[in-house]
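A.B. asks: When you line the sequence shown up against the numbering used here, it's residues 66 to 284, in that order. Quick reminder that beta carbons are idealized off the backbone N, C-alpha and C, glycines included. Since the structure is predicted, the reported quantities are computational estimates derived from the model, not experimental observations.
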Amino acid sequence: MNRRGLILSVATLGVAGFGGASWYANRPKPASETETIAPAQANALIQPYSPILGPDDAPVTIVEFFDPACEACRAFYPIVKDIMAEHGSAVRVVIRYTPFHGEGSELAIRILEAARLQGVFEPVLEAVLRDQPQWAAHSGMRPELLMKIATSAGLDPEIAQTQLLAPQTTGVLNQDRADVETVGVRQTPTFFVNGKPLNPFGEAELRRLVSAEVAMATN
Numbered sequence: 066m067n068r069r070g071l072i073l074s075v076a077t078l079g080v081a082g083f084g085g086a087s088w089y090a091n092r093p094k095p096a097s098e099t100e101t102i103a104p105a106q107a108n109a110l111i112q113p114y115s116p117i118l119g120p121d122d123a124p125v126t127i128v129e130f131f132d133p134a135c136e137a138c139r140a141f142y143p144i145v146k147d148i149m150a151e152h153g154s155a156v157r158v159v160i161r162y163t164p165f166h167g168e169g170s171e172l173a174i175r176i177l178e179a180a181r182l183q184g185v186f187e188p189v190l191e192a193v194l195r196d197q198p199q200w201a202a203h204s205g206m207r208p209e210l211l212m213k214i215a216t217s218a219g220l221d222p223e224i225a226q227t228q229l230l231a232p233q234t235t236g237v238l239n240q241d242r243a244d245v246e247t248v249g250v251r252q253t254p255t256f257f258v259n260g261k262p263l264n265p266f267g268e269a270e271l272r273r274l275v276s277a278e279v280a281m282a283t284n
């Protein structure tokens with residue numbers, strides 16, 4: 066089962082589909098949930114600037130390669146939040162930007178980076194995902210709506226205008242693109258838990274892998 070079929074079976078968000086994108090056909094080869102990735106790839110999983118949800122010092126790290134225009138990412142967001150709530154201070158989530166949906170995704174990422182710099186990353190992220198059907202609908206992207214959406218969640222739009230095009234923001238985008246290639250990410254969301262790839266993909270599999278890592282880290 067591909068991710069689209071799986072997400073439609075587990076998500077209750079009623080998200081409009083984007084249709085089949087070419088990168089869905091290029092799935093990585095299956096890997097065991099106990100397998101860790103190569104050192105070079107592991108070094109590309111997290112950057113110092115990467116947004117973090119949860120405690121910085123949590124013993125279990127979920128790395129999510131994430132596209133704000135991705136319907137599966139939107140569907141999995143409440144699942145990831147529930148996993149964090151279940152395990153409390155033992156789990157953190159690191160977000161890596163993966164702009165597979167073109168210019169709309171890139172603008173959303175730049176806005177999220179401005180939100181991170183302004184200290185309002187999580188509320189802006191939630192607003193962007195909540196209103197994803199408006200600005201990233203299957204019928205056509207409407208990225209012009211993003212700034213209004215982000216402003217409603219606490220982003221200062223005047224400061225953000227400078228931050229969107231700052232060399233620092235462009236550098237983050239470029240580095241994340243490079244790391245996506247290094248790690249071999251071909252679809253979103255792609256998850257790693259303490260360096261272990263989630264494959265096969267699914268909600269139950271993610272919960273099981275996180276629980277196993279928490280048990281090893283806290284016992």
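Which partner residues does Gly-205 have in the DSSP bridge list?
C.D. replies: In the DSSP output, where bridge partners are listed per residue, Gly-205 has Ala-202.
A.B. asks: On the three-state DSSP scale, how would you describe Val-185?
C.D. replies: coil
A.B. asks: In chain order, which continuous runs of the alpha helix (DSSP H) of length 4 or greater are located wholly inside the segment 92-149?
C.D. replies: For the alpha helix (DSSP H) assignment, the uninterrupted runs of no fewer than 4 residues enclosed by the segment 92-149 are, from N- to C-terminal side, 104-107.
A.B. asks: Drop a sphere of 10 angstroms on the beta-carbon of Thr-283, count the other beta-carbons inside from all chains shown, and report buried for 16 or more, exposed for fewer.
C.D. replies: exposed
A.B. asks: Start and end of the beta strand (DSSP E) containing Thr-255?
C.D. replies: 255-258
A.B. asks: What number of angstroms, rounded off, separates the C-alpha of Leu-263 from the C-alpha of Arg-181?
C.D. replies: In this structure, the straight-line span from the alpha carbon of Leu-263 to that of Arg-181 is close to 27 angstroms.
A.B. asks: Return the residue from the list Leu-110, Gly-153, Met-149 and Ile-174 that minimises the CA-CA distance to Gly-236.
C.D. replies: Answer by Cα proximity: Ile-174.
A.B. asks: Taking Arg-251 as part of the beta strand (DSSP E), name the residues at either end of that continuous run.
C.D. replies: Careful: Arg-251 lies outside any beta strand (DSSP E) and carries neither H nor E.
A.B. asks: Classify Ile-224: buried if its beta carbon has 16 or more other beta carbons within 10 angstroms, exposed otherwise.
C.D. replies: exposed
A.B. asks: Between Arg-273, Met-281, Lys-261 and Ala-277, which lies nearest to Ala-107 when the distance is taken from Cα to Cα?
C.D. replies: The candidate whose alpha carbon is nearest that of Ala-107 is Lys-261.
A.B. asks: What are the start and end residues of the alpha helix (DSSP H) that includes Ala-277?
C.D. replies: 268-283
A.B. asks: For Thr-227, count neighbouring Cβ atoms within 10 angstroms of its own Cβ and tell me buried if that reaches 16, exposed if not.
C.D. replies: exposed
A.B. asks: Applying the criterion that 16 or more other CB atoms from any shown protein chain within 10 Å of the CB defines a buried residue, is Gln-252 buried or exposed?
C.D. replies: buried
A.B. asks: Report yes if the C-beta distance between Leu-271 and Tyr-162 is below 8 angstroms; otherwise report no.
C.D. replies: no
A.B. asks: Once you ignore the five residues that flank Leu-194 on each side, which residues in its own chain have a CB closer than 8 angstroms to its CB?
C.D. replies: If you ignore the 5 residues before and after Leu-194, its C-beta comes within less than 8 angstroms of the C-beta of Pro-133, Cys-138, Arg-139 and Tyr-142, all in its own chain and listed in chain order.
A.B. asks: Alpha carbons only, please: which of Met-206, Pro-188, Ala-155 and Asp-122 is nearest the one belonging to Cys-135?
C.D. replies: Met-206
A.B. asks: Just mark Ser-170 as buried or exposed, buried being the case when its beta carbon has 16 or more other beta carbons within 10 Å.
C.D. replies: buried
A.B. asks: Within the chosen definition, does the segment 142-156 reach the segment 123-131 through at least 3 CB pairs nearer than 8 angstroms?
C.D. replies: yes
A.B. asks: Check Val-193 in the structure and name its three-state DSSP category.
C.D. replies: helix
A.B. asks: Could you name the residues that DSSP lists as bridge partners for Arg-157?
C.D. replies: Bridge partners of Arg-157: Thr-126.
A.B. asks: Helix, strand or coil: how does DSSP classify Pro-222 here?
C.D. replies: Here DSSP, grouped into helix, strand and coil, assigns Pro-222 to helix.
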